[in-house]
Amino acid sequence: MSSGSVTVEVEEEKIKELYLAVSPNGNFAVELVLFKNEPDPKLKYKFRMYEIIIKSDQDDKDDHSDLNYNDSYSDRKFSHVSISKTFKFTENQYELITSENILGWSIAVSEKFNGQKPYKSVVRLLAISCISKDDMSPKGYTKKNGSKKEETKEDTKKRGTSGFTIVFTINKDNSIGEKVKEFNEYGGIVKLFSRDDKKPNMKEYGGIVKSVSRDDLDEKPNMKRIFLNILNVTGIYKNFILNPNVNKMIQRFKYPKRTYNALSYNRKMVAGFSMKYITRCLNQHYFLVDTTHEGARYMELYDLRTNQL
0 MSSGSVTVEV
10 EEEKIKELYL
20 AVSPNGNFAV
30 ELVLFKNEPD
40 PKLKYKFRMY
50 EIIIKSDQDD
60 KDDHSDLNYN
70 DSYSDRKFSH
80 VSISKTFKFT
90 ENQYELITSE
100 NILGWSIAVS
110 EKFNGQKPYK
120 SVVRLLAISC
130 ISKDDMSPKG
140 YTKKNGSKKE
150 ETKEDTKKRG
160 TSGFTIVFTI
170 NKDNSIGEKV
180 KEFNEYGGIV
190 KLFSRDDKKP
200 NMKEYGGIVK
210 SVSRDDLDEK
220 PNMKRIFLNI
230 LNVTGIYKNF
240 ILNPNVNKMI
250 QRFKYPKRTY
260 NALSYNRKMV
270 AGFSMKYITR
280 CLNQHYFLVD
290 TTHEGARYME
300 LYDLRTNQL
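Start counting the sequence shown at 0; every next residue gets the next number (numbering that gives the first Met the number 0).
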């Protein structure tokens, strides 16, 4: 990797918020920058890309000595590689962002993959999602006698506006490419994974059998296997962004029943509580199925790649 300096155009901008995402294998990061250019009052956004150097041993330290490693700090260092052009929100998107209905943002970047026509130069996907309070507000509620009250048409009218999700491509030179998908009725916690149908490869080293991951073999997934997950209180929404052979419509998968019970149990909390709850249940490609309020002493993991417990 080249560690030369990067020329960044300086703008008279007022940064409002920053959000960071790291790729599943931990070697690439993207920062979402929300800002205003004076005197224009409208919020805009751009991205900063970083490669993450992992200092695994002394040789790695020598190879990247100009990055000023310090053993008293983290063994991972960020090296700035690119900054994107400025993007603007649509009027409808901006209306949500400036309303009281906005709850927060989520950002995700995929691992590196092998691009194919018409995306030969594409090596990653990047997703951002603006989350509204309605995305994280459970429908209906549980009565004192344990029965359920479903959401009525009148309740639906009061629910307001859903958030939105935008998916970009990232090119080989780490520049941001085109917007490949926009989901204007779905906001939530976003994740980008690759569907892996292969079992781990087995290699033998001096009589010791070792499980070798795809990263160890420096293999990259096919772009058609990369999919987007959007998680909010109503379920898990899934779409294979660059696979023309899969239904282009977004698919909805239900959480395990215990997850809905937990969200319904906590429905009197503010929407931010549901967002934090879903975020804390996520660990890589697994979703923790909560059983604590049922008195259970075991843990279940829901695999987001296979949609199975």
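Each residue gets a CB set at the ideal place from its N, CA and C atoms; glycine is no exception.
Taking Cβ positions, are residue i and residue j nearer each other than 8 Å?
i: Leu-42; j: Ile-96; result: yes
i: Ile-165; j: Ile-127; result: yes
i: Phe-192; j: Pro-23; result: yes
i: Leu-245; j: Phe-239; result: Per the sequence shown, the amino acid found at residue 245 is Val instead of Leu. Taking 8 Å as the Cβ cut-off, Val-245 and Phe-239 qualify as a contacting pair.
i: Leu-281; j: Leu-300; result: no
i: Glu-50; j: Leu-33; result: no
i: Pro-137; j: Ser-263; result: yes
i: Val-29; j: Val-108; result: yes
Leaving out five residues before and five after residue i in sequence, what residues of the same chain have Cβ atoms less than 8 Å from its Cβ?
i: Glu-177; result: Phe-167, Thr-168
i: Asp-93; result: Checking the displayed sequence, the identity of residue 93 turns out to be Tyr instead of Asp. Excluding sequence neighbours, Tyr-93 sits near Lys-41, Leu-42.
i: Arg-75; result: Gly-25, Ile-51, Ile-52, Ile-53, Lys-54
Within a Cβ cutoff of 7 Å, which residues of the same chain sit near residue i, ignoring the five residues on either side of it in sequence?
i: Thr-85; result: Lys-43, Lys-45
i: Lys-219; result: Lys-111, Phe-112, Asn-113
i: Ile-101; result: Leu-95, Cys-129, Ser-131
i: Asp-337; result: Examination of residue 337 is not possible in this model, given that the chain is present from 0 through 308 alone.
i: Asn-242; result: Lys-223
i: Ser-161; result: Ser-131, Asp-133, Asp-134, Glu-184, Tyr-185, Gly-186
i: Tyr-254; result: Gly-234, Ile-235
When we look at the beta-carbon of residue i and count the other beta-carbons within 10 Å, is it buried (16 or more) or exposed?
i: Thr-305; result: exposed
i: Arg-279; result: exposed
i: Arg-47; result: buried
i: Gly-25; result: exposed
i: Leu-125; result: buried
i: Leu-19; result: exposed
Identify which residue in the options has its Cα closest to the Cα of residue i.
i: Glu-181; options: Arg-257, Gly-271, Pro-255, Phe-88; result: Phe-88
i: Asn-36; options: Lys-13, Ile-52, Val-21; result: Lys-13
i: Val-80; options: Asn-26, Asn-173, Gln-92; result: Asn-173
i: Thr-260; options: Ile-175, Pro-40, Trp-104, Tyr-276; result: The sequence as given places Asn at residue 260; Thr does not occur at that position. Looking at the Cα atoms, Tyr-276 is the closest of the given residues.
i: Arg-257; options: Gln-250, Lys-237, Ala-270, Val-232; result: Val-232
i: Met-274; options: Lys-171, Arg-75, Gly-234; result: Gly-234
i: Ala-270; options: Glu-99, Asn-221, Tyr-236; result: Glu-99
i: Arg-194; options: Pro-255, Pro-38, Asp-74, Lys-237; result: Lys-237
i: Phe-272; options: Met-248, Met-298, Ile-53, Gly-103; result: Gly-103
i: Phe-77; options: Met-248, Phe-27, Met-298, Pro-38; result: Phe-27
i: Ile-175; options: Ser-83, Glu-90, Gln-115; result: Ser-83
i: Gln-115; options: Glu-90, Asn-221, Lys-247; result: Asn-221
i: Leu-31; options: Glu-90, Val-21, Asn-91; result: Val-21
Excluding sequence positions up to five away, which residues of its chain have a Cβ less than 6 Å from the Cβ of residue i?
i: Lys-190; result: Ala-107, Asn-228
i: Lys-171; result: Ser-120, Val-122
i: Gln-250; result: Lys-237
i: Gln-307; result: none
If we count Cβ pairs, one from each stretch, closer than 8 Å, do we get three or more for the region 224-234 versus the region 114-121?
no
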